[in-house]
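> Residues in the sequence shown are numbered consecutively from 0, following numbering that gives the first Met the number 0.
A virtual CB, placed ideally from N, CA and C, is assigned to each residue, including glycine.
Handing you this structure, nothing more for now.
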Amino acid sequence: MNDNDLDNLSPQDVPFSPESRDQGPGGPPEGKSVVAMVFGIVFFIVFIGAIVAGGYYLLSMYSDILRTGVELKPKASVPTVKAEKKPRPRVVSGDYMVLDLYFPSGESLQGERRSVPRASSARDTAAVIVEEFLAGPRGRTGGIIPDKSKLNGVFLGNDSILYIDLSDEFRRNFQGNAMQEYMLLKALHKSLMKNVYQVEGVRLLIDGREVDSVGGHLRVRGLLGEAVASPFREADDG
0 MNDNDLDNLS
10 PQDVPFSPES
20 RDQGPGGPPE
30 GKSVVAMVFG
40 IVFFIVFIGA
50 IVAGGYYLLS
60 MYSDILRTGV
70 ELKPKASVPT
80 VKAEKKPRPR
90 VVSGDYMVLD
100 LYFPSGESLQ
110 GERRSVPRAS
120 SARDTAAVIV
130 EEFLAGPRGR
140 TGGIIPDKSK
150 LNGVFLGNDS
160 ILYIDLSDEF
170 RRNFQGNAMQ
180 EYMLLKALHK
190 SLMKNVYQVE
200 GVRLLIDGRE
210 VDSVGGHLRV
220 RGLLGEAVAS
230 PFREADDG
């Protein structure tokens, strides 16, 4: 083919390959369009997957509601609560400690702070507290603490329960109504729990054994704290 033949060729007579139609002035197809197309396909697949997963989650929750009748809720985080440490008796000097005692006063309790010889253990501290309590409030007479009541002994169990053994006069000589019995036991319990740091509860004994009641109004068999928390649990008959 000479130069004259080339001049006489029309555009339709020029051979071309199918790939030449997609080629622009710069040559082969642009790489950016191919990358964009790939990302579009990936995004579409991820989007469809998210819809399917969300639908499955909602369907499973709805199935649980139909089965149990209870709507499932995410578990709330439970805050950590530190156990309150019971205070030790305050020491004034090497030989004395300060106790906060409580005594019945009508329908309330009256606090009284006393400095007493220092005890060497929780059990000995409890014994001092009970002795001071049975002596009654200073400067007042005619209280409801039963006359001639004595402390037989104090025992601290392995379960950190304090056993207070009082003489039978504490029960026999009590002369009061239900409210006075409640305030008497509440004052004793609070005096012990406020000052003895190794105690989880108090149980009251009369001459070495548990009794149903002190004055016939409150049931004190068991932990004393339960009796003063629910003041008018009736004592068992007999």
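(1) What number of angstroms, rounded off, separates the C-alpha of Leu108 from the C-alpha of Leu184?
(2) Could you tell me the alpha carbon to alpha carbon distance between Ser218 and Val210, rounded to whole angstroms?
(3) Pick out whichever of Ile50, Ala52 and Arg112 has its Cα sitting closest to the Cα of Tyr101.
(4) Answer yes if the stretch 122–132 comes into contact with the stretch 173–182, meaning at least three C-beta pairs across the two stretches below 8 Å, and no otherwise.
(5) Between Glu168, Asp206, Lys149 and Ile143, which lies nearest to Ala177 when the distance is taken from Cα to Cα?
(6) What distance in whole Å lies between the Cβ atoms of Leu187 and Arg202, which are believed to be in contact at a cut-off of 8 Å?
(7) Going by the beta-carbon positions, is the gap between Gly200 and Ile160 smaller than 7 Å?
(8) Considering only the alpha carbon of each residue, which of Glu225, Asp94 and Lys189 lies closest to Ser119?
(9) Smallest Cα separation from Arg117: which of Gly214, Gly138 and Val97?
(10) Under the three-state reduction of DSSP, which class applies to Tyr181: helix, strand or coil?
(11) Using the C-alpha atoms, what's the distance from Arg137 back to Asn194?
(12) Could you give the distance in angstroms between the alpha-carbon of Glu180 and the alpha-carbon of His216?
(13) Out of Ser114, Glu106 and Tyr162, point me to the one whose CA is closest to Arg220's CA.
(14) Tell me which residue opens and which closes the alpha helix (DSSP H) that Gly224 is part of.
(15) Can you find the residues in the same chain that come closer than 8 Å, C-beta to C-beta, to Phe154, ignoring five residues on each side of it along the sequence?
(16) Compare the beta carbon distance of Asp167 and Ile128 with 7 Å and say whether it is the shorter of the two.
(17) Taking C-alpha atoms, which residue in Ala228, Asn157, Val227 and Gly214 lies nearest to Gln197?
(18) So the candidates are Lys189, Phe43 and Val33; which of them puts its Cα closest to the Cα of Gly110?
Considering the structure as presented:
(1) Going by C-alpha positions, Leu108 is about 11 Å away from Leu184.
(2) First, the amino acid is wrong: residue 218 is Arg here, not Ser. Arg218 and Val210: Cα-Cα distance of roughly 8 Å.
(3) Nearest in C-alpha terms to Tyr101, of all of Ile50, Ala52 and Arg112, is Arg112.
(4) Output reads no: the stretch 122–132 does not touch the stretch 173–182.
(5) Ranking the options by Cα distance to Ala177, first place goes to Ile143.
(6) About 12 Å separates the two Cβ atoms, so there is no contact after all.
(7) Yes, these two residues count as a Cβ contact at 7 Å.
(8) Residue Asp94 is the option with its Cα nearest to Ser119.
(9) If you compare the alpha carbons of Gly214, Gly138 and Val97 with that of Arg117, the shortest gap goes to Val97.
(10) In the structure shown, Tyr181 sits in a helix (DSSP, three-state: H, G or I).
(11) Annotation: Asn194 to Arg137 spans about 19 Å, alpha carbon to alpha carbon.
(12) When rounded, the distance between both Cα atoms is 7 Å.
(13) Just measuring C-alpha positions, the residue of Ser114, Glu106 and Tyr162 sitting nearest Arg220 is Tyr162.
(14) Leu223 to Ala228 is the span of the alpha helix (DSSP H), which, as asked, contains Gly224.
(15) So the qualifying residues of the chain are Arg122, Leu161, Tyr162 and Asp164.
(16) Note that the C-beta distance between Asp167 and Ile128 is not below 7 Å.
(17) Of the candidates Ala228, Asn157, Val227 and Gly214, the one whose C-alpha sits nearest the C-alpha of Gln197 is Asn157.
(18) Answer by Cα proximity: Lys189.
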